[in-house]
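See structure below.
Number of protein chains: 2
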Amino acid sequence: MVQLGDIDRSDPRPPYQQIAGMLRSAIESGTLEPGARLPSEAALMENFGVARMTARQAIQELRGEGLVIPEHGRGVFVRPMPPVRRLASDRFARRHRDAGKAAFIAEADKAGYQPGVDRIEISRTTATETIAERLRLPAGDEVLVRDRRYLANGRPVEVATSYLPIAIADGTPIEEPDPGPGGIYARLEEAGHTLARFSEEVGARMPTPDERTALEIGPGIPVLTVVRTAYDVNDLAVEVCDTVKVAPAYLLEYDVPAQ
Amino acid sequence: MVQLGDIDRSDPRPPYQQIAGMLRSAIESGTLEPGARLPSEAALMENFGVARMTARQAIQELRGEGLVIPEHGRGVFVRPMPPVRRLASDRFARRHRDAGKAAFIAEADKAGYQPGVDRIEISRTTATETIAERLRLPAGDEVLVRDRRYLANGRPVEVATSYLPIAIADGTPIEEPDPGPGGIYARLEEAGHTLARFSEEVGARMPTPDERTALEIGPGIPVLTVVRTAYDVNDLAVEVCDTVKVAPAYLLEYDVPAQ
DNA sequence: CTGTTCTAGACGTCTAGAGGAGTTGCAAGC
DNA sequence: GCTTGCAACTCCTCTAGACGTCTAGAACAG
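Here the protein sequences come in this chain order: S and A. What the first sequence shows, in UniProt numbering, is residues 1 to 259, in sequence order. What the second sequence shows, in UniProt numbering, is residues 1 to 259, in sequence order.
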């Protein structure tokens with residue numbers, strides 16, 4: 001296994017932090033490459049002469065920093081960082097859809113990574129107060145829910161949930177897992193809802209445990225939250241899209257007129 | 001102590017997650033107010049009939065989410081959150097400056113909190129490659145640097161560093177700690193640089209130790225980074241402003257035309 | 001050759017206990 | 001009245017061991 005040195009009992013830092021530090025150095029120096037497996041808990045116990053929980057605590061540190069990903073039954077691996085995606089403010093421009101590409105695919109082409117979507121789930125539910133307000137519907141109205149997860153080079157980078165009024169989505173391909181070329185925005189425009197503008201609310205926070213699982217990140221990686229509301233030319237709110245993105249994988253670009 | 005319910009052995013989630021969930025609910029519902037002390041490890045052990053490490057693991061979950069702060073020897077406390085500031089996309093509109101208010105003051109008036117600025121430092125330095133590129137200057141050109149920290153209700157919420165080409169700022173009030181009514185954007189427009197647009201790049205990450213100190217936040221709280229570049233009507237880049245904001249204290253709003 | 005079963009090794013969860021260090025409040029002593 | 005010292009309570013670190021689930025590959029049966 002990788003040579004890591006020994007615990008210095010005169011060091012004021014506790015052993016678990018020293019072990020975490022040695023592993024961190026190995027990762028940052030490239031001795032442990034992205035995707036490489038860390039020494040197993042048993043190996044750390046033997047190497048450093050500590051108990052299992054102490055070895056686990058060291059690994060816990062690195063998980064908290066998002067440097068490693070544990071995989072049940074296989075081992076702990078150095079996290080391969082997803083490529084940074086720059087999201088331009090024109091990413092929903094009609095000209096991208098006209099080429100038959102949904103926004104996510106269009107970006108991937110530009111940035112040169114392999115896009116993917118999985119876990120697409122379609123359902124119907126009654127709108128929560130927040131969603132109803134954003135869609136300007138009476139609270140309790142039924143809405144179509146589109147849940148999905150986006151991948152870049154095979155790694156999850158974003159989960160998104162869209163809400164559309166049933167009145168708009170009912171009986172359209174929007175209810176299908178694959179809504180066809182250009183995505184749901186193309187279908188909305190075909191249905192007469194020519195899009196006029198989007199409003200986005202951007203925030204950041206630590207992920208919930210569910211989100212950590214879905215995005216395959218440790219508890220030390222923050223997420224960007226973007227809530228986008230799409231309005232058509234009649235200023236009708238036609239979609240609310242709630243997205244949670246792996247923060248280090250994104251840079252959002254906006255253009256703001258000075259007026 | 002606070003009533004929290006019991007562990008459900010038929011629940012597929014492990015006990016530590018159930019305990020964390022109950023505590024999280026208590027925090028989110030306000031049963032445990034900001035600043036309140038959580039039940040001690042001993043209390044959790046007794047209440048739920050679990051071992052010490054299990055109780056600690058539950059608290060560890062909440063620490064990773066930034067919901068609580070442990071204080072050695074005192075207890076674990078619900079993190080007091082600063083008020084959320086919603087930043088509208090028109091926050092730099094000329095009409096706000098015309099009232100003699102800088103952007104930060106105008107927002108504070110609207111949102112009803114007490115604004116403050118401290119640690120204003122003015123200096124000159126040679127532009128780093130990144131800054132020079134954004135200002136479209138030759139690398140190594142001298143720039144004016146304005147460093148400052150913003151407070152909301154006395155708590156720091158943002159640190160900002162502005163870079164301006166010396167050619168533009170030289171000999172103007174922009175070199176003074178207090179640039180006068182309307183802030184530096186008002187001075188730029190007086191100097192003939194009528195502002196046309198801003199571009200903003202938004203990201204999020206964990207803070208560096210320096211930033212944690214300046215923003216008075218503990219580990220577990222992410223920051224939002226916003227890099228804003230201001231362009232005048234001749235498309236000249238007149239300012240780059242690099243800001244680091246306490247993430248939970250902000251919601252950024254943007255309007256994006258569909259084109 | 002294929003499909004199943006077994007097994008070793010990996011991480012996940014939990015228990016029970018120990019000593020350490022920081023904080024606080026109270027009681028004893030000055 | 002003030003200070004000192006102690007005790008109780010807090011979280012921090014570590015140990016040793018148990019059982020569970022998951023993965024992957026080897027061994028086996030058909």
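Ideal Cβ positions, reconstructed from N, Cα and C, are used throughout, including at glycine. Just so we're clear, the structure is a prediction, and the values are computed from it rather than from any experiment.
Cutoff 9 Å: residue i Cβ touching any chain A Cβ
{"i": "Q259 (chain S)", "result": "yes"}
{"i": "A206 (chain S)", "result": "The question names Ala, but residue 206 (chain S) in the sequence shown is Met. True, the Cβ-Cβ gap to chain A drops below 9 Å."}
{"i": "D90 (chain S)", "result": "yes"}
{"i": "R187 (chain S)", "result": "no"}
{"i": "Y250 (chain S)", "result": "yes"}
{"i": "L224 (chain S)", "result": "yes"}
{"i": "R94 (chain S)", "result": "yes"}
{"i": "A132 (chain S)", "result": "no"}
{"i": "A214 (chain S)", "result": "no"}
{"i": "A247 (chain S)", "result": "yes"}
Reference residue i, options the options, closest by Cα
{"i": "P165 (chain S)", "options": "S:L151, S:D109 and S:R124", "result": "S:R124"}
{"i": "Q57 (chain S)", "options": "S:A20, S:I105 and S:G203", "result": "S:A20"}
{"i": "E28 (chain A)", "options": "A:P12, A:G66, A:E41 and A:A196", "result": "A:G66"}
{"i": "F48 (chain S)", "options": "S:P209, S:Y16, S:R24 and S:I69", "result": "S:Y16"}
{"i": "L252 (chain S)", "options": "A:I69, A:Q18, A:T225 and A:R52", "result": "A:T225"}
{"i": "A43 (chain S)", "options": "S:T243, S:R95, S:T54 and S:G35", "result": "S:T54"}
{"i": "E129 (chain A)", "options": "A:V50, A:G5 and A:Y163", "result": "A:Y163"}
{"i": "A152 (chain A)", "options": "A:F77, A:L215, A:A186 and A:A169", "result": "A:L215"}
{"i": "A167 (chain A)", "options": "A:R91, A:V143, A:P181 and A:R149", "result": "A:V143"}
{"i": "residue 267 (chain A)", "options": "A:R74, A:D8 and A:L62", "result": "The first residue shown for chain A is 1 and the last is 259, placing residue 267 (chain A) beyond what the model contains."}
{"i": "G5 (chain S)", "options": "S:E33, S:E46 and S:P12", "result": "S:E46"}
{"i": "D232 (chain S)", "options": "A:K245, A:V223, A:I217 and A:V256", "result": "A:V256"}
{"i": "G140 (chain A)", "options": "A:I131, A:D147 and A:A127", "result": "A:A127"}
{"i": "S199 (chain A)", "options": "A:Y254, A:Q60 and A:P115", "result": "A:Y254"}
{"i": "S25 (chain A)", "options": "A:I131, A:G73, A:V78 and A:R74", "result": "A:V78"}
{"i": "I120 (chain S)", "options": "S:D170, S:Y150 and S:P70", "result": "S:Y150"}
{"i": "V202 (chain S)", "options": "S:I184, S:G116, S:V223 and S:A93", "result": "S:V223"}
{"i": "G154 (chain A)", "options": "A:G116, A:A186, A:A249 and A:R148", "result": "A:G116"}
{"i": "S40 (chain S)", "options": "S:P181, S:R197, S:V68 and S:V157", "result": "S:V68"}
{"i": "A99 (chain S)", "options": "S:Q60, S:P156, S:G180 and S:Q259", "result": "S:G180"}
{"i": "A258 (chain S)", "options": "A:A196, A:V246, A:R205 and A:I221", "result": "A:A196"}
{"i": "D147 (chain S)", "options": "S:T194, S:I122, S:R95 and S:R52", "result": "S:I122"}
{"i": "V22 (chain S)", "options": "S:P34, S:S10 and S:L38", "result": "It is worth fixing the name first, because residue 22 (chain S) is Met in this sequence and not Val. Ranking S:P34, S:S10 and S:L38 by Cα distance to M22 (chain S) puts S:L38 first."}
Beta carbon proximity, residue i to chain S, threshold 9 Å
{"i": "R52 (chain A)", "result": "no"}
{"i": "Q18 (chain A)", "result": "no"}
{"i": "A152 (chain A)", "result": "no"}
{"i": "Q60 (chain A)", "result": "yes"}
{"i": "D255 (chain A)", "result": "yes"}
{"i": "S25 (chain A)", "result": "no"}
{"i": "I221 (chain A)", "result": "yes"}
{"i": "F198 (chain A)", "result": "yes"}
{"i": "E211 (chain A)", "result": "no"}
{"i": "R79 (chain A)", "result": "no"}
{"i": "T202 (chain A)", "result": "Per the sequence presented here, residue 202 (chain A) reads as Val, with Thr not at that position. Closer than 9 Å to some Cβ of chain S, the Cβ of V202 (chain A) qualifies, so yes."}
{"i": "G64 (chain A)", "result": "yes"}
{"i": "L164 (chain A)", "result": "no"}
{"i": "A99 (chain A)", "result": "no"}
{"i": "A230 (chain A)", "result": "yes"}
{"i": "A42 (chain A)", "result": "no"}
{"i": "L195 (chain A)", "result": "yes"}
{"i": "A102 (chain A)", "result": "no"}
Backbone secondary structure at residue i - three-state DSSP
{"i": "S25 (chain A)", "result": "helix"}
{"i": "P230 (chain S)", "result": "It is Ala, not Pro, that sits at residue 230 (chain S) in the sequence shown. Reduced to three states, the DSSP call for A230 (chain S) is strand."}
{"i": "R86 (chain S)", "result": "strand"}
{"i": "P156 (chain S)", "result": "strand"}
{"i": "I69 (chain A)", "result": "strand"}
{"i": "L251 (chain A)", "result": "strand"}
{"i": "R37 (chain S)", "result": "strand"}
{"i": "T31 (chain S)", "result": "coil"}
{"i": "G64 (chain S)", "result": "helix"}
{"i": "P257 (chain S)", "result": "strand"}
Touching by the beta-carbon criterion (3+ pairs, under 8 Å), the segment 172-179 of chain A and the segment 166-184 of chain S: no
Flag this pair as touching only if the segment 103-112 of chain A and the segment 84-93 of chain A have three or more C-beta atom pairs under 8 Å; answer yes or no. yes
Counting only runs that start and end within the segment 165-241 of chain A, where is the beta strand (DSSP E) found for 3 or more residues in a row? 195-205 and 223-232
Would you call the segment 127-140 of chain S and the segment 234-245 of chain S touching, i.e. three or more CB-CB distances under 8 Å? yes
Taking the runs of the beta strand (DSSP E) that are 3 residues or longer, which of them lie wholly in the segment 93-154 of chain A? 115-126 and 142-152
Contact between the segment 184-194 of chain S and the segment 209-218 of chain S (3+ Cβ pairs under 8 Å): no
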